[in-house]
Amino acid sequence: MSAPTICFGHRTAFQMLRTTDPAAFAVLRGSACRPPEQAPLVGELERAIEKLQTAHPGILVESPAHVLVSSAAGRRPSRACRAHVCTSQLQGRALLRLGGGVAVGAAALALAHAAAQEEGMIALLRLVYEACGTYQTRLTGVPDAYRVKPLVSVRAIADFAMRNPSLRGSRRLADVLRYAADGSASARETQNALVLGMPMMHGGLGLGIPRMNYEVKASPTARALTGKSSFRCDLCWPEAKLDVEYQSRKCHEGEEMRISDSRRTNALLSMGWTVIGITNDELNSVVATDAIAETIRRHLGKRTPVRVSHYHERKLKLRRQLGLPIGYDDLRCT
Numbered sequence: 001m002s003a004p005t006i007c008f009g010h011r012t013a014f015q016m017l018r019t020t021d022p023a024a025f026a027v028l029r030g031s032a033c034r035p036p037e038q039a040p041l042v043g044e045l046e047r048a049i050e051k052l053q054t055a056h057p058g059i060l061v062e063s064p065a066h067v068l069v070s071s072a073a074g075r076r077p078s079r080a081c082r083a084h085v086c087t088s089q090l091q092g093r094a095l096l097r098l099g100g101g102v103a104v105g106a107a108a109l110a111l112a113h114a115a116a117q118e119e120g121m122i123a124l125l126r127l128v129y130e131a132c133g134t135y136q137t138r139l140t141g142v143p144d145a146y147r148v149k150p151l152v153s154v155r156a157i158a159d160f161a162m163r164n165p166s167l168r169g170s171r172r173l174a175d176v177l178r179y180a181a182d183g184s185a186s187a188r189e190t191q192n193a194l195v196l197g198m199p200m201m202h203g204g205l206g207l208g209i210p211r212m213n214y215e216v217k218a219s220p221t222a223r224a225l226t227g228k229s230s231f232r233c234d235l236c237w238p239e240a241k242l243d244v245e246y247q248s249r250k251c252h253e254g255e256e257m258r259i260s261d262s263r264r265t266n267a268l269l270s271m272g273w274t275v276i277g278i279t280n281d282e283l284n285s286v287v288a289t290d291a292i293a294e295t296i297r298r299h300l301g302k303r304t305p306v307r308v309s310h311y312h313e314r315k316l317k318l319r320r321q322l323g324l325p326i327g328y329d330d331l332r333c334t
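If you want it as structure tokens, here you go:
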């Protein structure tokens, strides 16, 4: 394969990966796995995007487009694109060919570049959870949507970072993966996981990062109760048979959903599981979240950890970084 003449990266890579059929991409290998030396001219870029939009209806490339170049001298600043220098000889699944001399940075590469730019660990983790999850938001430059395919897995990111240790941002990306998980189904589930699971030194409640949307096979009794062969647990600690369900208004309102939730809970209880719910309002309340965390802590058999210095400030900082309220107001009556 020949080297690409245009290579999209950063935010634009996320947009294109989210809005293009995965089957359209082919992995670049060897000497071809390197961005071009120069950024495209405005006309060249516009023609390339027009061809992509014809070949792949629905593909999203917002202006200015972010492109990768292998030489600082080839940036060519313009109104149409922002060029980012990537001099490393990339290894593994780093660049994906999309046809017509166009390549796109793989999700792991885009995350490494984000890691080099993001100042905060939590902002980077939110991006990782979204890339490894089944939802999308404007964090990755696309409209909100659910039940989408993950762009990458935590294991694949770790493998990429190991193969590209000299890539700027790679080490920082690898460091945050200890707090990452595959399979989050929404930004609110991600907020739950990080608030409950992050260590207290980072402002979390120190319960350990849960498995997200973990599949539990139904027993014959549970299957008879629900007609289902398995259950998905939003935030799960499998070794403790603990399922923490985020009860969003959208997915848990109405009589039909209440009946379904009740049957599901009873089925899991019949299998020896514990089910704890956390509502939207409870997640928004510091007091309620803390109380639920203590219930989880007791079930997990965890001791109340030794408080770190300035823990209250750390906790409120984490909530701010996640976009959660920091007040101690009473829960709204609903």
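The numbering of the sequence shown is full-length UniProt numbering, which starts it at 1 and goes up by one.
Just so you know, even glycine gets a beta-carbon here, dropped at the ideal spot from N, CA and C.
DSSP state of residue i mapped onto helix, strand, coil
i, result
"R18", "helix"
"I6", "strand"
"R76", "coil"
"L318", "helix"
"residue 366", "Residue 366 is absent from the model: the chain starts at 1 and stops at 334."
"H312", "helix"
"L52", "helix"
"L96", "strand"
"R307", "coil"
"R29", "coil"
"R188", "helix"
"G43", "helix"
"R11", "helix"
"R258", "helix"
"G197", "helix"
"A23", "helix"
"A181", "coil"
"A107", "helix"
Chain-order list of residues whose beta-carbon lies under 7 Å from that of residue i (same chain, five-residue window excluded)
i, result
"T137", "E130, D144 and A187"
"K241", "G272, W273 and T274"
"H113", "G9, H10, H84 and G169"
"R126", "L139 and T190"
"E37", "V69, S70, S71 and G74"
Other residues of its chain near residue i: CB distance less than 8 Å, five sequence neighbours each side excluded
i, result
"A116", "R168, G169 and R172"
"T134", "Y146, R147, V148, K149, P150, G183, S184, A185 and N213"
"V142", "F14, Q15, R18, T19, L60 and Q136"
Option in the options with minimal Cα separation from residue i
i, options, result
"A23", "L127, A80, R97 and G277", "R97"
"L139", "K315, A158 and A110", "A110"
"Q321", "T20, G120, R232 and E50", "G120"
"C33", "V85, A83, A103 and N280", "A103"
"E282", "F231, Q191, E313 and R264", "Q191"
"D243", "V154, L127 and N266", "N266"
"E46", "V128, V176 and A80", "A80"
"H56", "A291, E215, R29 and F25", "F25"
"A48", "G58, P35, G100 and L235", "G100"
"S229", "S219, L235 and P238", "S219"
"R319", "Q53, F231 and A123", "A123"
"E245", "E239, H310, T5 and G277", "G277"
"T5", "L177, S70 and A180", "S70"
Own chain partners of residue i with C-beta closer than 6 Å, once the 5 adjacent residues on each side are dropped
i, result
"F160", "G92 and A108"
"A72", "V85"
Heavy atom of the ligand GDP within 7 Å of residue i beta-carbon
i, result
"A293", "Of ligands this structure carries none, so the ligand GDP is not represented either."
Review point. Where are the alpha helix (DSSP H) runs, 4 residues long or more, that stay fully inside the stretch 263 to 305, in chain order?
Key: Here the runs fully enclosed are 280 to 284 and 286 to 300.
Exercise for review: Would you check if there are 3 or more beta carbon pairs closer than 8 Å linking the stretch 25 to 45 to the stretch 161 to 176?
Suggested key: The stretch 25 to 45 is not in contact with the stretch 161 to 176.
Point to revise | At least three beta-carbon pairs within less than 8 Å, the stretch 271 to 286 to the stretch 76 to 92 | key: Flag = no, the stretch 271 to 286 and the stretch 76 to 92 do not touch.
Review point. Do three or more CB pairs link the stretch 2 to 14 to the stretch 62 to 70 at distances below 8 Å?
Key: Taking 8 Å as the limit for Cβ pairs, the verdict is that the stretch 62 to 70 does touch the stretch 2 to 14.
Check your understanding: Do three or more CB pairs link the stretch 255 to 263 to the stretch 292 to 299 at distances below 8 Å?
Key -> Contact fails: fewer than three Cβ-Cβ distances are below 8 Å.
Point to revise | 3 or more residues per run - each beta strand (DSSP E) lying fully within the stretch 110 to 179 | key: Listed in chain order, there is nothing to give.
Check your understanding: Pairing CB atoms from the stretch 221 to 232 with CB atoms from the stretch 192 to 201, are three or more of them under 8 Å?
Key -> Here the stretch 221 to 232 makes no contact with the stretch 192 to 201; the two share fewer than three CB pairs at distances below 8 Å.
Review point. Could you give the uninterrupted runs of the beta strand (DSSP E) lying entirely in the stretch 210 to 248, keeping only those of 3 residues or more?
Key: Listed in chain order, they are 211 to 217, 230 to 237 and 242 to 247.
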